[in-house]
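Okay, structure first, notes after.
Numbering (my numbering), first residue to last: 492 to 604.
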């Protein structure tokens with residue numbers, strides 16, 4: 492279990508380093524979509540780490556949740572933009588709350604050991 496967690500943390504760190512060093516500039520119009528999708532993906536990653544620590548991780552649930560959360564969040568941002576309202580804020584609040592809840596549970600699990 493710990494090897495998987497360390498591999499996930501290493502992969503996340505490597506992805507951040509690569510993302511910061513690749514000179515790719517995306518149009519500002521995609522900023523809402525990408526930020527909300529990244530938040531949803533981070534929520535899925537922390538949920539997967541939590542599930543692994545609680546010994547009920549399922550790879551198919553993680554993969555489907557990862558992509559469906561990211562697509563749902565980007566879809567909410569798209570629909571909100573078409574309607575002229577900031578609907579992406581609903582996704583930011585929902586995934587932000589879940590992200591901090593998962594992080595708190597992971598922290599408690601680590602402190603118990």
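Built from N, CA and C at the ideal position, the CB exists for glycine as well.
Just so we're clear, the structure is a prediction, and the values are computed from it rather than from any experiment.
So residue i and residue j are in contact, right, with Cβ under 8 angstroms, and what is the actual spacing, rounded?
i, j, result
"residue 535", "residue 553", "7 angstroms"
"residue 541", "residue 596", "5 angstroms"
"residue 531", "residue 591", "Residue 531 to residue 591, Cβ: 14 angstroms. No contact."
Should residue i go down as buried or exposed, given a rule of 16 or more other Cβ atoms within 10 Å for buried?
i, result
"residue 533", "buried"
"residue 564", "buried"
"residue 522", "exposed"
"residue 500", "exposed"
"residue 584", "exposed"
"residue 539", "buried"
Within this structure, are the beta carbons of residue i and residue j separated by less than 8 angstroms?
i, j, result
"residue 602", "residue 537", "no"
"residue 568", "residue 579", "yes"
"residue 515", "residue 525", "no"
"residue 504", "residue 543", "no"
"residue 527", "residue 582", "yes"
At 4 residues or longer, and completely inside the segment 546–603: list those alpha helix (DSSP H) runs for me, N to C.
Runs found: 550–574, 579–603.
Identify every run of the alpha helix (DSSP H) within the segment 515–546, keeping only runs that are complete inside it and at least 4 residues long; order them along the chain.
Complete alpha helix (DSSP H) runs here, min 4: 522–544.
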